[in-house]
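Chains as they are written, first to last, in numbering that gives the first Met the number 0: chain A, 0 to 227; chain B, 0 to 227. Don't be surprised by glycine CBs; every beta carbon is placed ideally from N, CA and C. Computed from a predicted model, the values in this text were never measured in an experiment. Presented below is the structure to which this report refers.
Number of protein chains: 2
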Amino acid sequence: MVKKARSSQRREDSLSRDRIIEASIELLDESGEDGLTFRALSERLATGPGAIYWHIANKSDLLVAACDAIVARMVDAHAISGSPKATIRALALGMFDAMEAHAWVGTALIRAAGQLPTVRVLECIGQQVRALGVAADTQWTIVSVLLNYILGVGGQNAANAQFARTHGLDRSSFLDAVATDWSALDASDYPFARSVAGAMRDHDDRVDYLAGIDLILAGIKGTRTGRT
Amino acid sequence: MVKKARSSQRREDSLSRDRIIEASIELLDESGEDGLTFRALSERLATGPGAIYWHIANKSDLLVAACDAIVARMVDAHAISGSPKATIRALALGMFDAMEAHAWVGTALIRAAGQLPTVRVLECIGQQVRALGVAADTQWTIVSVLLNYILGVGGQNAANAQFARTHGLDRSSFLDAVATDWSALDASDYPFARSVAGAMRDHDDRVDYLAGIDLILAGIKGTRTGRT
DNA sequence: GAGAGTTATGGAACGTCGTTCCATATACTT
DNA sequence: AAGTATATGGAACGACGTTCCATAACTCTC
């Protein structure tokens, strides 16, 4: 069962976990969450469904692995970029962009709670929060707030993208539909939702998201630095 | 197509959207997300799958409706309970408890982005943030952070519960498994994850969650009140 | 109250999915 | 060359969401 160096054995186009994951990512990007099926996957890889199961435990495993590949690339690309807070901002933005480029990642990340992809993000944030000199017993709280906020936004965006795809809407007509929905709510029961509905149509998700990150970061009282 | 008062027409045990939703909630509570199938549902309701489709558009609609029923009850129960911040805390806790009592709600809520269940929570939080006297242009940011944090935690908990159920673990052995996993990570790559792994085993999710809410609330600079 | 028309029901059937099974092929070891 | 572990891919299974349709239950009109 020990995996030894197996490179360049077998024939060139042999199946491998990596090749399967890569094809899965393509499929997910092209056709959304529903696009990833073992039939579509085996067709793309010119093999049968059974062969895939030699390398992959099941579909859940596959989805987590695909998600992890995306997250790992993103984390590596944003290794260190300055002050702790700047690094956290960069990482958070990296996650946002990755989840926008691969709309299925948001959902997959949440389903992979406690597993490798989330731990990668957790670790990255955790190290920076430590570097901020935050008291040991509040480090976890801050990291948890940041991580869960990121996951929440990602999940919402993924759900929105999925909805838009299913109903054949582009981004602007989708936002329009939501804004119309919210405006039609009962005036006395939903004053707040109605008041923000208008701004919905031409707001920038990315800017709002970053404002949220900054709000959380602003609340941090580090011993080592007070600046942004 | 207008729905008129139809009460006490039909025979007593007739199908209805409400009865279907109630049965769905029971099924979801008992057997998790995978437990809700149209076959199991029609068996419980002593009917056929086709009959259900007269009242429900599709499974996604059903899940959102079931989720909304839970959220609506919870919101109603926590209408107003004191200061704005206290009300937000109460609502946040209500959401947590509801999502713990119904482990599938976390996932369902995320999938229902922008729809009624999330809007209920958004509205409730929004009204309180308004009452805090927060500047109009930052209201949305604060509400968004709170909502997405809540959804993130709920999603993670739901995923954890689903994982535990699938693998037949109770809560403590699940936490143990995660802690063991994290402790086995590479020492130089994952110092933070390893450092918090131990505390994992006997931490209180609910307390951590509330600490996160308080952290966010503490960052709010309202014009009307400075106290908690 | 009898017939027409709507509303509601439930069982059968369709197509697709994740997954398992197994006969077979390929590569490594002796 | 023979034998064994590794790897493949097509066929088949059972369960699912959904659709279809014959029919039942109820309402309305005369």
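Alpha carbon of S30/A to alpha carbon of S23/A, nearest angstrom: Here residue 30/A refers to the residue found at position 31 of the first sequence. Here residue 23/A refers to the residue found at position 24 of the first sequence. Going by the C-alpha atoms only, they are around 10 Å apart.
Taking only the alpha-carbon atoms, compute the straight-line gap between D230/B and E42/B and give it to the nearest angstrom. Any answer about residue 230/B is impossible in this case: the structure gives chain B only from 0 up to 227.
Going by DSSP, what residue range makes up the alpha helix (DSSP H) through S171/B? Taking the second sequence and counting its residues from 1, one reaches residue 171/B at position 172. Where S171/B is concerned, the enclosing alpha helix (DSSP H) stretches over 170-182.
How would you call T86/B, buried or exposed, if buried means at least 16 neighbouring beta carbons within 10 angstroms? Locating residue 86/B in the second sequence gives position 87, counting from the first residue. Classification of T86/B: buried, given that the 10 Å Cβ count is 16 or more.
Kindly confirm or deny that the stretch 190-210 of chain B and the stretch 116-133 of chain B touch, where touching means at least three C-beta pairs closer than 8 Å. Inter-segment contact for the stretch 190-210 of chain B and the stretch 116-133 of chain B is absent: fewer than three beta-carbon pairs are separated by less than 8 Å.
Report the residue from G34/A, D175/A, R88/A whose alpha carbon sits nearest the alpha carbon of L145/A. Within the first sequence, residue 145/A is the residue found at index 146, counting from 1. Among G34/A, D175/A, R88/A, the Cα nearest to that of L145/A belongs to R88/A.
Name the chain B residues whose beta carbon is nearer than 9 Å to that of A130/A? Taking the first sequence and counting its residues from 1, the one referred to as residue 130/A is at position 131. Chain-order list of chain B residues neighbouring A130/A: empty, with the shortest C-beta distance near 10 Å, by a criterion of under 9 Å.
Going by C-alpha distance, which of V195/A, D188/A, T165/A, S187/A is nearest G34/A? One-based indexing of the first sequence puts residue 34/A at position 35. The residue with the shortest Cα to Cα distance from G34/A is T165/A.
For Y148/A and N147/B, which I take to be in contact (beta-carbon distance under 8 Å), what is that distance rounded to the nearest angstrom? Along the first sequence, read from residue 1 onward, the residue named residue 148/A stands at position 149. Along the second sequence, read from residue 1 onward, the residue named residue 147/B stands at position 148. Yes, they are in contact, since the Cβ atoms of Y148/A and N147/B sit about 5 Å apart, within 8 Å.
Buried/exposed call for K220/B, threshold 16 Cβ in 10 Å: One-based indexing of the second sequence puts residue 220/B at position 221. Under this definition K220/B is an exposed residue.
Out of curiosity, what's the CA-to-CA distance linking F37/A and L27/A? What you label residue 37/A is simply residue 38 of the first sequence in a count that begins at 1. What you label residue 27/A is simply residue 28 of the first sequence in a count that begins at 1. Those two C-alpha atoms are separated by around 12 Å.
In whole angstroms, what separates the C-alpha of A134/B from that of N57/A? Here residue 134/B is taken as the residue at index 135 of the second sequence, counted from 1. Here residue 57/A is taken as the residue at index 58 of the first sequence, counted from 1. Approximately 50 Å, taken between the alpha carbons.
Could you check where the alpha helix (DSSP H) with N147/A kicks off and where it finishes? What you label residue 147/A is simply residue 148 of the first sequence in a count that begins at 1. Looking at the DSSP string, the run of the alpha helix (DSSP H) that includes N147/A is 135-165.
Is I215/B buried or exposed, if buried means 16 or more other CB atoms sit within 10 Å of its CB? To locate residue 215/B, count along the second sequence from 1; it is residue 216. Buried, because 16 or more other Cβ atoms sit within 10 Å of the Cβ of I215/B.
Could you tell me how far apart the beta carbons of R234/A and A158/B are, in whole angstroms, since I believe they sit closer than 8 Å? The first residue shown for chain A is 0 and the last is 227, placing residue 234/A beyond what the model contains.
Compare the beta carbon distance of V120/B and M94/B with 8 Å and say whether it is the shorter of the two. Within the second sequence, numbered from 1, the residue matching residue 120/B stands at position 121. Within the second sequence, numbered from 1, the residue matching residue 94/B stands at position 95. Going by C-beta atoms, V120/B is nearer than 8 Å to M94/B.
Closer than 7 Å at the beta carbon, the chain B residues around S143/A: As a working mapping, residue 143/A is identified with position 144 in the first sequence. Correct list: D207, G211.
Please return the same chain residues whose Cβ sits closer than 7 Å to the Cβ of T227/B, not counting the five positions on each side in sequence. Indexing the second sequence from 1 puts residue 227/B at position 228. Confidence is the limiting factor: at T227/B the pLDDT is only 44, short of 50, which leaves the residue's position unreliable, though a coordinate-based value still follows. Closer than 7 Å at the Cβ level, and outside the excluded window around T227/B, lie K84.
For A217/A and A163/A, the rounded distance between their alpha carbons: What you label residue 163/A is simply residue 164 of the first sequence in a count that begins at 1. What you label residue 217/A is simply residue 218 of the first sequence in a count that begins at 1. If you take the alpha carbons of A163/A and A217/A, they lie about 34 Å apart.
Nearest to D188/B (by Cα), restricted to the options C66/A, D60/A, L115/A: In the second sequence, counting from the first residue as 1, residue 188/B sits at position 189. Looking at the Cα atoms, L115/A is the closest of the given residues.
Buried or exposed for D17/A, going by 16 or more other Cβ atoms inside 10 Å? Reading the first sequence from its first residue, position 18 is the one you call residue 17/A. Burial call: exposed.
Can you look up G49/B in the DSSP assignment and give me helix, strand or coil? For the purposes of this step, residue 49/B is taken as residue 50 along the second sequence, with counting starting at 1. In this structure, G49/B counts as helix in the three-state DSSP scheme.
Nearest-angstrom Cα distance between A78/B and W181/A? Locating residue 78/B in the second sequence gives position 79, counting from the first residue. Locating residue 181/A in the first sequence gives position 182, counting from the first residue. Approximately 21 Å between the Cα atoms of the pair.
Mind listing the chain A neighbours of Y148/B? Cutoff is C-beta to C-beta under 7 Å, in chain order. Taking the second sequence and counting its residues from 1, one reaches residue 148/B at position 149. Chain A residues near Y148/B: V144, N147, Y148, G151.
Simplified DSSP state of G113/B, which is helix, strand or coil: Translated into positions along the second sequence, residue 113/B becomes position 114. Residue state, collapsed to three classes: coil.
Residue of I212/A, L209/A, D175/A, D213/A minimising C-alpha distance to M199/A: Position 200 of the first sequence, counted from the first residue, corresponds to residue 199/A. When each option's Cα is compared against that of M199/A, the closest is D175/A.
For H54/B, the nearest candidate out of S13/B, T179/B, V104/B (CA to CA): By one-based count along the second sequence, residue 54/B stands at place 55. H54/B has its Cα closest to that of S13/B, out of S13/B, T179/B, V104/B.
Starting from I219/A, follow the alpha helix (DSSP H) in both directions and report where the run begins and ends. Against the first sequence, residue 219/A aligns to sequence position 220. Careful: I219/A lies outside any alpha helix (DSSP H) and carries neither H nor E.
Kindly list, in the order they appear in chain A, the residues whose Cβ is closer than 8 Å to that of R164/B. Translated into the one-based positions of the second sequence, residue 164/B becomes position 165. Chain A residues near R164/B: none, gap ~13 Å exceeds 8 Å.
Looking at the C-beta of A191/A, does it have a partner C-beta in chain B at a distance below 8 Å? Taking the first residue of the first sequence as 1, we reach residue 191/A at position 192. Just to set this straight, residue 191/A is Phe in the shown sequence, not Ala. Closer than 8 Å to some Cβ of chain B, the Cβ of F191/A qualifies, so yes.
Would you mind working out which of C123/B, D213/B, W139/B, T117/B sits nearest A76/B, comparing C-alpha positions? Within the second sequence, the letter at position 77 stands for residue 76/B. Nearest C-alpha to A76/B: C123/B.
Alpha helix (DSSP H) runs wholly inside the stretch 66-112 of chain B, at least 4 long, in chain order: 83-100, 104-110
How close, in whole Å, do the beta carbons of W139/B and V195/A come, if the pair is a contact with beta carbons under 8 Å? By 1-based counting over the second sequence, the position of residue 139/B is 140. By 1-based counting over the first sequence, the position of residue 195/A is 196. Confirmed, Cβ separation roughly 6 Å.
With DSSP as the reference, label Y208/B as helix, strand or coil. For this step, residue 208/B is matched to residue 209 along the second sequence. Note: Y208/B maps to helix in three-state DSSP.
Close-in-space but distant-in-sequence residues of the same chain around L62/A (CB under 6 Å, 5 per side omitted): Working through the first sequence from its first residue, we reach residue 62/A at position 63. So the list reads A107, once near-sequence residues are dropped.
Please state whether DSSP places R129/B in a helix, a strand or coil. On the second sequence, position 130 is the one that residue 129/B refers to. In this structure, R129/B counts as helix in the three-state DSSP scheme.
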